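Peer 1: Just passing along the structure, written as structure tokens.
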Amino acid sequence: MSKRRSDWQTRPQARIRKWFQQGFTALDDEIINQISQQTIQQPEVSQMMEAQREAMDTRRYERSLALERLERHELQAWVRTRGRKAIGRVYVALALAMAVLMIFFLLETVAHMPRFGDPNAPVTNEVTERYITRGVEETGAVNIVAGMILDYRAFDTLGESTVLFIAASAVLILLRIDRRKDGTPVQELIAAESDDRHYEPRADRILQGSVMVLTPIILLFGIYIILNGHLSPGGGFSGGAIISAGLILYLDAFGFDKAGRFFTYKTFAWVSFFSLSFYALAKAYSFYMGANGLPSGIPLGTPGAILSGGLIMPLNIAVGMVVSCTMYIFYALFRKGGL
Amino acid sequence: MLQLLYENLEQTVAVILFGIGFTILLLQRNLIRKIIGLNIMDTAIYLFLASMGYISGRKAPIVVDGVTEVSAYINPIPAGLVLTGIVVSVSFTGILLALTVRLYRRYNTLDIDVIALLAKGEDA
Amino acid sequence: MSFVHIILLGMLIVCALAVSLTRHLLTSLIVYMAYSLIMAVIWMLMESPDLAITEAAVGAGITSILFFVTLKKIRAIREEGSHEQAEK
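Protein chains in written order, with my numbering: chain F, 1 to 339; chain G, 1001 to 1124; chain B, 2001 to 2088.
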């Protein structure tokens, strides 16, 4: 999808091409000028030769025009029908061949990798030893993976939460339909709302009855996974996804009016802002204490209790809130273009 | 070589899935199938990464009964990397799907060749 | 390498192939959900429960929900204009 520049005729490529094309006729013109200069001493002969030359010129010119038109027409027709099919088939064959070649080379590499499940693989080095042997006493978390991503490597998780936030902003820009400044809805918003109401369940007793029972259980389960991120598998991300699934279920069953009572744009904005800034500010103490050295005053508690692990539980809660708000706002924007 | 490939079966399957996902991305003309192909590529790479951390005979990296020796748990580092990757993958899919909805509203088709042709026709 | 493990890995490849070879778009989405779920079980067999629970919640949950709601937006618009099935 490239545009042609507006000054393309003065660009070097176009000028070189024009010179190239005109060069041949320039040579012809030169020869004709020489011949006509030679015959200028005999005016009668030169006139006759001039008439002949003109007839030849026009015939040659018309013939060349006709040939060009025929060539272009045929070429265009071929390109449009058979050429496109041929190019399509060549593309498919080349793509398949390249994919097979790539798989073959990668399989060749896999054959030389260390054996699956080998305890002496080079992947397990001194870093693993440090994380496992001193993980519990340094981070206070019983779940070594959670302690690793929220204490030893906490900035990775901050970057990932930032990526989620950026994605939510991008989807907001693309799909949100705004109101006018004085609050009256735009035509597009009315169309989107009516379009969405066509699919909303109106007092669907089965769905609403089951959702009234299910949603508290789902939300409770999500909160349990977030809070126990340092003791059992789970953590902020999966807990946030489960909470957002519960909220989406509620939205599906009861509609936007009832869900708008507790979730508005302000909720989303403030929750995301506070969670992310709390995460960044809370983990900033390691700038002063260093990753390895000076003891910070954060209590680690006894491993295995729920109030242990220092900062891991608050950070889990922050990440979980960001994830749940982001997923919910994705769904609402896709459905209606707003909340 | 087949014997070696059978010993590293997970990594072999991960590479084959990567190739299948890549082929879906190249050859399908529907936009939504392309996005599914991209997701298949992503999860294949995560399978490859996480299979590096497995050590046979050892348990999941959650400390039980105060046992903190290296020989009792698998390697937890690749699991942490893949966890970040899964969330990045889902946010990327969200953005791509929003773009698909906008493209459909504009050109009324999901075929990538037709969209490219229409867009080129508008420019010139 | 237990038998179940090998069968699950084979099913992964079958699901990945089935995504591209079916005719309807809705079928490929449901096959993709099954693929994500089988992947979660494989994570569990490789002793990483964090990854299993995250993949189950995010892959078979959130991503599939987003795909379905995208399909709904596309079909809804097409149904107003013309009355043909929105496939392929």
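Glycine included, every Cβ here is placed at the ideal spot set by N, Cα and C.
Note that the structure is predicted; figures quoted are calculated from it, not measured.
Below 9 Å between beta carbons is the criterion; list the residues of the segment 1053-1066 of chain G that meet it against any residue of chain F, in chain order.
Peer 2: G1053, Y1054, I1055, S1056, G1057, R1058, A1060, P1061, I1062, V1063, V1064, G1066
Peer 1: My parser needs the beta strand (DSSP E) runs of 3 or more residues fully inside the segment 303-333 of chain F; what are they?
Peer 2: Fully enclosed beta strand (DSSP E) runs of 3 or longer: not present.
Peer 1: Take the Cβ of M212/F as the centre, count every other Cβ of all protein chains shown within 10 Å, and call the residue buried at 16 or more, exposed below.
Peer 2: Residue numbering aside, residue 212/F sits at position 212 when the first sequence is read from its first letter. M212/F comes out exposed.
Peer 1: Measure the Cβ-Cβ separation of A170/F and I1095/G and say whether it is below 7 Å.
Peer 2: Here the question's residue 170/F lines up with position 170 in the first sequence. Here the question's residue 1095/G lines up with position 95 in the second sequence. Yes. Within cutoff.
Peer 1: What are the start and end residues of the alpha helix (DSSP H) that includes A1116/G?
Peer 2: The residue given as residue 1116/G occupies position 116 in the second sequence. Unbroken alpha helix (DSSP H) run through A1116/G: 1112-1123.
Peer 1: Per the contact definition of three or more C-beta pairs closer than 8 Å, is the segment 2047-2056 of chain B in contact with the segment 307-327 of chain F?
Peer 2: no
Peer 1: Classify D57/F as buried or exposed, calling it buried when 16 or more other Cβ atoms lie within 10 Å of its own Cβ.
Peer 2: What you label residue 57/F is simply residue 57 of the first sequence in a count that begins at 1. Classification of D57/F: exposed, given that the 10 Å Cβ count is below 16.
Peer 1: Applying the criterion that 16 or more other CB atoms from any shown protein chain within 10 Å of the CB defines a buried residue, is H230/F buried or exposed?
Peer 2: Here residue 230/F is taken as the residue at index 230 of the first sequence, counted from 1. H230/F should be labelled buried.
Peer 1: Drop a sphere of 10 angstroms on the beta-carbon of S2036/B, count the other beta-carbons inside from all chains shown, and report buried for 16 or more, exposed for fewer.
Peer 2: In the third sequence, counting from the first residue as 1, residue 2036/B sits at position 36. It counts as buried.
Peer 1: Closer than 8 Å, Cβ to any Cβ of chain B: which residues of the segment 1091-1112 of chain G, in chain order?
Peer 2: T1093, G1094, L1097, T1100, V1101, Y1104, R1105, N1108, L1110
Peer 1: Please state if the CB of G240/F and the CB of G301/F are separated by a distance shorter than 7 Å.
Peer 2: Translated into the one-based positions of the first sequence, residue 301/F becomes position 301. Translated into the one-based positions of the first sequence, residue 240/F becomes position 240. In this structure, G240/F does not lie closer than 7 Å to G301/F by Cβ.
Peer 1: Mind reading off the beta-carbon distance from T326/F to A168/F? Whole number of angstroms is fine, and I expect it under 8 Å.
Peer 2: As a first step, residue 326/F must be located in the first sequence, where it is residue number 326. As a first step, residue 168/F must be located in the first sequence, where it is residue number 168. Taking a contact as a CB-CB distance under 8 Å, the pair T326/F and A168/F counts as one, their CB atoms being some 5 Å apart.
Peer 1: Can the beta-carbon of I242/F be found closer than 7 Å to that of A2057/B?
Peer 2: As a working mapping, residue 242/F is identified with position 242 in the first sequence. As a working mapping, residue 2057/B is identified with position 57 in the third sequence. Cβ distance < 7 Å, so I242/F and A2057/B count as in contact.
Peer 1: Report buried or exposed for Y250/F, applying the criterion of at least 16 other Cβ atoms within 10 angstroms of its Cβ.
Peer 2: Taking the first sequence and counting its residues from 1, the one referred to as residue 250/F is at position 250. Looking at its Cβ environment, which holds 16 or more other Cβ atoms inside 10 Å, Y250/F is buried.
Peer 1: Which stretch, first to last residue, makes up the alpha helix (DSSP H) that contains V1013/G?
Peer 2: Here residue 1013/G corresponds to residue number 13 of the second sequence, with the count starting at 1. Run containing V1013/G: 1009-1027, per the alpha helix (DSSP H) assignment.
Peer 1: Quick check for students: name the residue ranges of the alpha helix (DSSP H) that lie wholly in the segment 1025-1067 of chain G, counting only runs of 4 or more.
Peer 2: 1031-1050
Peer 1: Examine chain G for any beta-carbon lying closer than 7 Å to the beta-carbon of L2051/B, and answer yes or no.
Peer 2: Indexing the third sequence from 1 puts residue 2051/B at position 51. Yes, because at least one Cβ of chain G sits closer than 7 Å to the Cβ of L2051/B.
Peer 1: Grab the span of the alpha helix (DSSP H) containing S286/F for me, first residue to last.
Peer 2: Within the first sequence, the letter at position 286 stands for residue 286/F. Where S286/F is concerned, the enclosing alpha helix (DSSP H) stretches over 285-289.
Peer 1: Whose Cβ in chain F lies nearer than 7 Å to the Cβ of M1001/G?
Peer 2: Residue mapping note: residue 1001/G aligns to position 1 of the second sequence, counting from 1. Result: A111.
Peer 1: Give the secondary structure of G117/F by DSSP, where H, G and I count as helix, E and B as strand, and everything else as coil.
Peer 2: By one-based count along the first sequence, residue 117/F stands at place 117. In the three-state reduction of the DSSP assignment, G117/F falls in the strand class, which pools E and B.
Peer 1: Among the candidates L2066/B, V2069/B, T2054/B, whose CA atom is the shortest distance from the CA of I226/F?
Peer 2: Here residue 226/F is taken as the residue at index 226 of the first sequence, counted from 1. Answer by Cα proximity: T2054/B.
Peer 1: When we look at the beta-carbon of R1033/G and count the other beta-carbons within 10 Å, is it buried (16 or more) or exposed?
Peer 2: In the second sequence, residue 1033/G corresponds to position 33, counting from 1. The residue is buried, with at least 16 neighbouring Cβ atoms inside 10 Å.
Peer 1: Comparing the C-beta of I103/F with each C-beta of chain B, is any distance below 7 Å?
Peer 2: In the first sequence, the residue the question calls residue 103/F occupies position 103. No, because no Cβ of chain B sits closer than 7 Å to the Cβ of I103/F.
Peer 1: Name the residues in the segment 2015-2027 of chain B whose C-beta lies less than 8 Å from a C-beta of chain G; which are they?
Peer 2: A2016, L2017, V2019, S2020, L2025
Peer 1: Does the CB of P233/F have a neighbour CB from chain B at under 7 Å?
Peer 2: Here residue 233/F refers to the residue found at position 233 when the first sequence is read from its first residue. Closer than 7 Å: yes.
Peer 1: Would you call the CB atoms of V110/F and N1008/G closer than 7 Å?
Peer 2: Here residue 110/F refers to the residue found at position 110 when the first sequence is read from its first residue. Here residue 1008/G refers to the residue found at position 8 when the second sequence is read from its first residue. At a Cβ-Cβ threshold of 7 Å, V110/F and N1008/G count as neighbours.
Peer 1: Report the residues of the segment 2041-2070 of chain B with a CB closer than 7 Å to any CB of chain F, ordered along the chain.
Peer 2: P2049, D2050, I2053, T2054, A2057, V2058, G2061, I2062, I2065, L2066, V2069, T2070
Peer 1: I want to know whether the segment 142-153 of chain F touches the segment 1033-1046 of chain G - three or more CB-CB distances under 8 Å.
Peer 2: The segment 142-153 of chain F makes no contact with the segment 1033-1046 of chain G; the number of CB pairs closer than 8 Å stays below 3.
Peer 1: For the segment 82-101 of chain F and the segment 1020-1028 of chain G, state whether three or more C-beta atom pairs, one from each stretch, are separated by less than 8 Å.
Peer 2: yes
Peer 1: Evaluate contact between the segment 114-129 of chain F and the segment 1045-1057 of chain G, counting only Cβ atoms and requiring at least three cross-stretch pairs below 8 Å.
Peer 2: yes
Peer 1: Of all the CB atoms in chain G, is at least one closer than 7 Å to the CB of K2073/B?
Peer 2: The residue given as residue 2073/B occupies position 73 in the third sequence. With 7 Å as the cut-off, K2073/B counts as an interface residue toward chain G.
Peer 1: Residues in the same chain with beta-carbon distance under 7 Å from A1079/G, minus the five sequence neighbours each way, listed in chain order, please.
Peer 2: Walking along the second sequence from the start, residue 1079/G turns up at place 79. So the qualifying residues of the chain are A1050, G1053.
Peer 1: From the DSSP output, read off the bridge partner residues of Y1073/G.
Peer 2: Mapped onto the second sequence, residue 1073/G falls at position 73. Beta-bridge pairing links Y1073/G to K1059/G.
Peer 1: Quick check on this structure: which residue in I248/F, Q76/F, G159/F, I87/F has the alpha carbon closest to the alpha carbon of F263/F?
Peer 2: Counting from one through the first sequence, the residue named residue 263/F turns up at place 263. Taking only the C-alpha atoms, the option nearest F263/F is I248/F.
Peer 1: Assuming the contact rule is C-beta atoms closer than 8 Å, L1110/G and L1031/G should be a hit. Round their C-beta distance to whole Å, please.
Peer 2: As a position in the second sequence, residue 1110/G is number 110, starting the count at 1. As a position in the second sequence, residue 1031/G is number 31, starting the count at 1. About 5 Å separates the two Cβ atoms, so the contact holds.
Peer 1: What I want to know is whether the C-beta of L207/F ends up closer than 6 Å to one or more non-hydrogen atoms of the ligand PLP.
Peer 2: In terms of ligand content, the structure shown is empty, and the ligand PLP therefore cannot be addressed.
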